[in-house]
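In our numbering, the protein residues as written are 1 to 205.
As structure tokens, then:
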């Protein structure tokens with residue numbers, strides 16, 4: 001995506017550019033199966049896997065209390081829901097020119113529908129951040145329900161969106177990938193860590 005953006009910005013039309021198949025629509029339904037209520041990260045871990053490949057998550061479901069192998073077959077409602085989810089994935093892929101529609105539980109985040117929200121800075125204007133897409137907002141309780149509010153101008157920062165991915169890449173380039181002014185000291189400073197352990201190998205007969 002970055003290579004394609006750079007070619008467009010520089011007006012490059014010759015040569016071999018990025019493979020266009022890299023930009024085809026990709027969609028997924030996330031289905032997590034658990035054995036108990038300790039399931040906080042079940043769907044978020046699956047969702048993180050989709051981010052770098054620009055896979056659009058169109059559904060998410062968690063099937064719990066199925067610890068024994070094969071016991072999920074006794075949950076007819078969940079199996080029917082999974083079939084519906086699979087059909088939706090197939091129909092979305094068969095219509096690549098239409099916007100992918102999310103059909104799962106809405107969750108807290110209005111963009112990626114995650115329920116995982118972290119409170120970072122209690123005295124900040126944006127104390128809450130989505131644990132999946134990184135969009136910042138505020139939490140409040142309305143009519144007994146927790147709501148994660150994201151301002152319209154902040155939506156573009158979500159990492160599930162192309163705009164957020166480019167912003168993230170720019171941050172990496174300008175901050176963490178920027179050579180340190182003391183880079184020349186790196187080999188010497190790393191010596192004590194490289195020599196900290198000595199490797200042993202089992203004897204061969």
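Heads up, the beta-carbon is just placed ideally off N, CA and C, and yes, glycines get one too.
- Do residue 129 and residue 112 have their CB atoms nearer than 7 Å? As a position in the chain shown, residue 129 is number 129, starting the count at 1. As a position in the chain shown, residue 112 is number 112, starting the count at 1. No, the pair does not count as a contact, with Cβ atoms beyond the cut-off.
- Query: By how many angstroms is the C-alpha of residue 163 removed from the C-alpha of residue 156?
  - Reply: Your numbering for residue 156 matches position 156 in the chain shown. Your numbering for residue 163 matches position 163 in the chain shown. Roughly 6 Å separates the two Cα atoms.
- Task: For residue 212, collect the residues of the same chain with a Cβ closer than 8 Å to its Cβ; drop the 5 residues on either side in sequence, then sort them by chain order.
- Result: A question about residue 212 goes unanswered here, because the residues of the chain that appear run from 1 up to 205.
- Query: If we ignore side chains and look at the alpha-carbon of each, how far apart do residue 50 and residue 58 end up?
  - Reply: Translated into the one-based positions of the chain shown, residue 50 becomes position 50. Translated into the one-based positions of the chain shown, residue 58 becomes position 58. Approximately 11 Å, taken between the alpha carbons.
- Item | residue 89 vs residue 78 beta-carbon contact at 7 Å | The residue you call residue 89 lines up with position 89 of the chain shown. The residue you call residue 78 lines up with position 78 of the chain shown. No, they are not a contact pair.
- Which class does residue 89 belong to by DSSP, given the choice of helix, strand or coil? Taking the first residue of the chain shown as 1, we reach residue 89 at position 89. The answer is helix: DSSP assigns residue 89 an H, G or I state.
- Message: I need the DSSP call for residue 151, collapsed to helix, strand or coil.
- Response: Here residue 151 refers to the residue found at position 151 of the chain shown. Looking at residue 151 - three-state DSSP - the assignment turns out to be coil, as it is neither helix nor strand.
- Give the secondary structure of residue 71 by DSSP, where H, G and I count as helix, E and B as strand, and everything else as coil. Translated into positions along the chain shown, residue 71 becomes position 71. Three-state DSSP puts residue 71 in a helix.
- Item | C-alpha gap between residue 95 and residue 28, whole angstroms | For the purposes of this step, residue 95 is taken as the residue at position 95 of the chain shown. For the purposes of this step, residue 28 is taken as the residue at position 28 of the chain shown. Looking at the two C-alpha atoms, the distance is approximately 14 Å.
- Item | Sequence-distant residues of the same chain with beta carbon closer than 7 Å to residue 48, five excluded per side | The residue you call residue 48 lines up with position 48 of the chain shown. Short of 7 Å from the beta carbon of residue 48, and not among the five residues preceding or following it, lie these beta carbons of its own chain, in chain order: 132.
- Does the beta-carbon of residue 108 have 16 or more other beta-carbons within 10 angstroms, so that it is buried, or is it exposed? Counting from 1 along the chain shown, the entry for residue 108 is found at position 108. Counting Cβ neighbours within 10 Å, residue 108 comes out buried, since at least 16 surround it.
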